[in-house]
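Chains as they are written, first to last, in the working numbering: chain A, -14 to 290; chain B, -1 to 227. Virtual Cβ for every residue (Gly too), placed ideally from N, Cα, C. Since the structure is predicted, the reported quantities are computational estimates derived from the model, not experimental observations. Here is the structure we will look at, set down as structure tokens.
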């Protein structure tokens, strides 16, 4: 345990001893993790907004003129009991006309009509916004007695989900590519460190060191690079959100929305650190497996007769 | 301690470095391995540290056939052998203490014990107080002493030396030889590869003479330690 502590400290000193090359590696790791992190946090904020939009999306069921208020209320209760339905609101024709009068300046025209032209309406918020689920629900609602027609305002939401799904797929490709590149960068850095210490490694092999003993400082080096890169990624992520978050929040306020930008919090902070450490050590293992065999003084592939 | 039985060694390029070499080195014995450059001295030592494998024959060390030691177990053999190199092989970025402590660090010795044993080894080679110096600030003779201290600090049962006086003047060579004799006195078996005639003429230990990979002389020493049959 004591020996591991010394190796860990020694690997940190190695980084401090070479500030320029260490900074380049750490900043590369930081940028490679930081950029996808920014996209992920923006995506999370977008998704949380989308959830609120979901709640305003609904199916409008227009009832026959012959349906009475009591019958409409009973139908509302029946629909509410369906498992596919999240929320139901019955709007009588009288309430509908009052709302219409409030929201428009067309009350005089309504007086000329003589009678209320608006039907009773049932607003239904579905549980699932999946286009197929919504279509099935609309179809079942249309078939009910007393229903004249049903319409949805969900088409745009489906399109939005579609666009977001494409962006999500592109982001995954983007993140995977970045991370593979990052592992290769760390592997190269560790490979160079191994090459620079080739004499020392060969000597340690000759003195009876095990492979794991020789690997250890390089894995710790990868660990520190990864941890440093994770910290750097957190810094660039948070710094880049300062102007962005302020802009988004002031825009939201102008729409009287209580939206506040979520910068990821401590969970995201530790997740980014963890990703950095994972990628740093994985890169170190890759670099070691590539270079160690070249230095081991024991000739390989030699068959004893 | 060591037994070579009809050992041949051929490099990948076809060069036959050793041809059916046979000899024994008894426990506590000190012997010189001599011969011209390219005679096979270094190759023979490399077979003992398992840096090379024989093409045929067997190399026994404490009864273990080194030719058959698996790669993952090589480190166990190497920990029991101290090696002194002609070019010292000291790590220039580490000080004398760190260089000598390296074999102890590798076997995971407790730090207090490391300090004790490194100081004792440095005292034995006459370098007490040089712990914090770096190899580049030492003379060639002092560097070789550090190399010897590193080879003996973990108390190996066998000490190998490959041209340990190759870069030293005759006086320093005698001092280094004296150190090997001192370690031999306390029971450390030693095999010293050298073509330094002055060094060989000034002692009475057994000589193993190689010529073009063939062991041509296994002469017994004056003290009467037995040579291999």
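- By how many angstroms is the C-alpha of residue 108 (chain A) removed from the C-alpha of residue 255 (chain A)? What you label residue 255 (chain A) is simply residue 270 of the first chain in a count that begins at 1. What you label residue 108 (chain A) is simply residue 123 of the first chain in a count that begins at 1. Straight-line Cα distance between these residues: approximately 43 angstroms.
- Query: What did DSSP end up calling residue 56 (chain A) once you bin it into helix, strand or coil?
  - Reply: The count along the first chain starts at 1 and reaches residue 56 (chain A) at position 71. Helix, per DSSP.
- Using the beta-carbon of each residue, which ones in chain A are nearer than 7 angstroms to residue 104 (chain B)? Taking the first residue of the second chain as position 1, residue 104 (chain B) is located at position 106. 189, 192, 193, 194 and 198, listed in chain order.
- Could you spell out the range, first to last residue, of the beta strand (DSSP E) harbouring residue 111 (chain A)? Walking along the first chain from the start, residue 111 (chain A) turns up at place 126. Segment 106 to 111, the beta strand (DSSP E) holding residue 111 (chain A).
- Would you mind stating whether residue 67 (chain B) and residue 74 (chain B) have Cβ atoms separated by less than 9 angstroms? Against the second chain, residue 67 (chain B) aligns to sequence position 69. Against the second chain, residue 74 (chain B) aligns to sequence position 76. Going by C-beta atoms, residue 67 (chain B) is nearer than 9 angstroms to residue 74 (chain B).
- Message: At a CB distance below 7 angstroms, what residues from the stretch 161 to 192 of chain A approach chain B? Give them in sequence order.
- Response: 185, 188, 189, 191 and 192
- Please check if any C-beta of chain A sits within less than 9 angstroms of the C-beta of residue 133 (chain B). Locating residue 133 (chain B) in the second chain gives position 135, counting from the first residue. With 9 angstroms as the cut-off, residue 133 (chain B) does not count as an interface residue toward chain A.
- State the beta-bridge partners of residue 33 (chain B) as determined by DSSP. What you label residue 33 (chain B) is simply residue 35 of the second chain in a count that begins at 1. Per DSSP, B:208.
- With burial defined as no fewer than 16 other Cβ atoms inside 10 Å of the residue's Cβ, what is the status of residue 72 (chain A): buried or exposed? In the first chain, residue 72 (chain A) corresponds to position 87, counting from 1. The residue in question, residue 72 (chain A), is exposed, as its Cβ has fewer than 16 Cβ neighbours within 10 Å.
- How many whole angstroms separate the CB atoms of residue 164 (chain B) and residue 87 (chain B), which I take to be in contact at a CB cut-off of 8 angstroms? Taking the first residue of the second chain as 1, we reach residue 164 (chain B) at position 166. Taking the first residue of the second chain as 1, we reach residue 87 (chain B) at position 89. 13 angstroms between Cβ atoms; not a contact.
- Message: By the three-class DSSP mapping on this structure, what secondary structure does residue -1 (chain B) have?
- Response: Reading the second chain from its first residue, position 1 is the one you call residue -1 (chain B). Coil, per DSSP.
- Query: Can you give the Cα-Cα distance for residue 100 (chain A) and residue 128 (chain A), rounded to whole angstroms?
  - Reply: The sequence position of residue 100 (chain A) within the first chain is 115, counting from 1. The sequence position of residue 128 (chain A) within the first chain is 143, counting from 1. Their Cα atoms are separated by approximately 28 angstroms.
- Check each residue of the stretch 35 to 47 of chain B: if its Cβ is closer than 8 angstroms to any Cβ of chain A, include it; give the result in chain order. 47
- What residue from B:12, B:22 and B:36 has the CA that sits closest to residue 193 (chain B)'s CA? Taking the first residue of the second chain as position 1, residue 193 (chain B) is located at position 195. The residue with the shortest Cα to Cα distance from residue 193 (chain B) is B:36.
- Query: For chain A, is any of its Cβ atoms less than 9 angstroms away from the one on residue 49 (chain B)?
  - Reply: Taking the first residue of the second chain as 1, we reach residue 49 (chain B) at position 51. Output row for residue 49 (chain B): interface = yes.
- Query: In whole angstroms, what is the alpha-carbon distance linking residue 125 (chain B) and residue 12 (chain B)?
  - Reply: Residue 125 (chain B) sits at position 127 when you count from the first residue of the second chain. Residue 12 (chain B) sits at position 14 when you count from the first residue of the second chain. So the alpha carbons of these two residues sit roughly 44 angstroms apart.
- Message: According to DSSP, is residue 17 (chain B) part of a helix, a strand, or is it coil?
- Response: Indexing the second chain from 1 puts residue 17 (chain B) at position 19. Strand.
- Message: Using a Cβ-Cβ distance cut-off of 9 angstroms, determine whether residue 162 (chain B) contacts chain A.
- Response: Translated into positions along the second chain, residue 162 (chain B) becomes position 164. Closer than 9 angstroms: no.
- Specify, as a first and last residue, the run of the alpha helix (DSSP H) that residue 266 (chain A) falls within. As a working note, residue 266 (chain A) is residue 281 in the first chain. In the DSSP annotation of this structure, the continuous segment of the alpha helix (DSSP H) that includes residue 266 (chain A) starts and ends at 250 to 280.
- Rounded to the nearest angstrom, how far is the Cβ of residue 106 (chain A) from that of residue 81 (chain A), given a contact under 8 angstroms? Locating residue 106 (chain A) in the first chain gives position 121, counting from the first residue. Locating residue 81 (chain A) in the first chain gives position 96, counting from the first residue. 6 angstroms between Cβ atoms; contact.
- Within its chain, find whatever has a CB closer than 6 angstroms to the CB of residue 211 (chain B); leave out the 5 residues flanking it on each side and keep chain order. For the purposes of this step, residue 211 (chain B) is taken as residue 213 along the second chain, with counting starting at 1. The beta carbon of residue 211 (chain B) lies closer than 6 angstroms to those of 14, 15, 16, 17 and 38 in the same chain, with the five residues before and after it left out.
- Identify the residues that DSSP records as bridge partners of residue 22 (chain B): which are they? Numbered from 1 along the second chain, position 24 holds the residue referred to as residue 22 (chain B). DSSP output for residue 22 (chain B) lists B:1 as bridge partner(s).
- Item | Residue from B:85, B:104, B:49 and B:189 with nearest C-alpha to residue 9 (chain B) | One-based indexing of the second chain puts residue 9 (chain B) at position 11. Closest by alpha carbon: B:49.
- Report the neighbours of residue 168 (chain B) on chain A: residues whose CB is nearer than 9 angstroms to its CB, in chain order. Here residue 168 (chain B) is taken as the residue at index 170 of the second chain, counted from 1. Per Cβ cutoff of 9 angstroms: no residues; residue 168 (chain B) is ~28 angstroms from chain A at best.
- Determine whether the Cβ of residue 120 (chain B) lies closer than 9 angstroms to any Cβ atom of chain A. As a first step, residue 120 (chain B) must be located in the second chain, where it is residue number 122. Residue 120 (chain B) does not count as touching chain A.
- Message: Between residue 290 (chain A) and chain B, is the shortest Cβ-Cβ distance under 9 angstroms, so that the two count as touching?
- Response: Here residue 290 (chain A) refers to the residue found at position 305 of the first chain. Confidence at residue 290 (chain A) is low in this model, with a pLDDT of 35, below 50, so the placement of that residue should be treated as unreliable; the coordinate-derived value is given next. It does; some Cβ of chain B falls within 9 angstroms.
- Considering residue 59 (chain B), what are the terminal residues of the beta strand (DSSP E) in which it resides? In the second chain, counting from the first residue as 1, residue 59 (chain B) sits at position 61. Residue 59 (chain B) -> beta strand (DSSP E) spans 54 to 59.
- Grouping DSSP H, G and I as helix and E and B as strand, with all else coil, what is residue 293 (chain B)? Nothing in the structure corresponds to residue 293 (chain B), since chain B is present only between -1 and 227.
- Query: Where does residue 137 (chain A) fall in DSSP's three states?
  - Reply: What you label residue 137 (chain A) is simply residue 152 of the first chain in a count that begins at 1. Reduced to three states, the DSSP call for residue 137 (chain A) is strand.
- Query: What residues in its chain sit with their C-beta under 7 angstroms from that of residue 78 (chain A), if we drop five residues either side in the sequence?
  - Reply: Taking the first residue of the first chain as 1, we reach residue 78 (chain A) at position 93. Excluding positions up to five away in sequence, the list reads 101, 103, 104 and 105.
- Query: Which whole-angstrom value is the C-beta distance of residue 26 (chain A) and residue 248 (chain A), which I expect to be below 8 angstroms?
  - Reply: By one-based count along the first chain, residue 26 (chain A) stands at place 41. By one-based count along the first chain, residue 248 (chain A) stands at place 263. 7 angstroms between Cβ atoms; contact.
- Task: Assign residue 141 (chain A) to buried or exposed, taking buried as 16 or more other Cβ atoms, counted over all protein chains shown, within 10 Å of its Cβ.
- Result: In the first chain, residue 141 (chain A) corresponds to position 156, counting from 1. It counts as exposed.
- Message: Less than 8 angstroms between C-beta atoms, sequence neighbours within five positions excluded: which residues of the same chain meet that for residue 288 (chain A)?
- Response: Here residue 288 (chain A) corresponds to residue number 303 of the first chain, with the count starting at 1. Residue placement at residue 288 (chain A) is poorly supported in this model, since its pLDDT is 38, which falls under 50; the coordinates still yield a value, given next. Counting only Cβ-Cβ distances below 8 angstroms, and skipping sequence neighbours, we find nothing.
- Message: I'd like to know whether the C-beta atoms of residue 204 (chain B) and residue 56 (chain B) end up nearer to each other than 9 angstroms.
- Response: For this step, residue 204 (chain B) is matched to residue 206 along the second chain. For this step, residue 56 (chain B) is matched to residue 58 along the second chain. No, the Cβ-Cβ distance between residue 204 (chain B) and residue 56 (chain B) is not below 9 angstroms.
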